[in-house]
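To start, the structure under review is shown below, and the notes come after it.
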Amino acid sequence: MAKAKIGPTGYGTFGIRWEDFPYMQTRGGYSGPFNTQDEARERATLIAESHGETLTIEFIETVNP
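Start counting the sequence shown at 372; every next residue gets the next number (the numbering used here).
Written out as C-alpha cells, the structure reads:
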C-alpha cells in the first residue's frame, strides 16, 4: 500500500512525499510542486491508481526535510 504525505513546501505550493511505493521512491520519493492541496491529492491518487497501488494519504505540516 502506497503512502502519500501531502503538505506545503514553504514556497506557496504543495508537494507529495512518497513512502512504501518503490516506483516513486526510485524517482526521488517526491512529487510537486502543486498549486493546491487538492491538486496534490488528486495527482497522488492518479499516480497510485495508474500503478495498481492502494493509497493512504496523510496531510503533514511541511514536505521539506
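All residues carry an ideal CB built from backbone N, CA and C; glycine is no exception.
Can you tell me the Cβ-Cβ gap for residue i and residue j, rounded? I've got them flagged as a contact below 8 Å.
i    : j    : result
F385 : G403 : 6 Å
CB-CB under 6 Å to residue i, same chain, minus the five flanking residues each way: which ones, in chain order?
i    : result
K374 : E390, D391, T427
H422 : Y394
Strictly by DSSP, which residues pair up with residue i?
i    : result
G403 : According to DSSP, which records beta bridges pairwise, G403 is partnered with nothing at all.
F430 : I377
When burial is assigned at 16 or more other CB atoms within 10 Å of the CB, is residue i buried or exposed?
i    : result
M395 : buried
E420 : exposed
E424 : buried
Report the residue from the options whose alpha carbon sits nearest the alpha carbon of residue i.
i    : options          : result
R398 : Y382, T407, I387 : I387
Can you list, in chain order, the residues of its chain whose CB lies under 8 Å from that of residue i, leaving out five sequence neighbours each side?
i    : result
Y382 : P404
E413 : none
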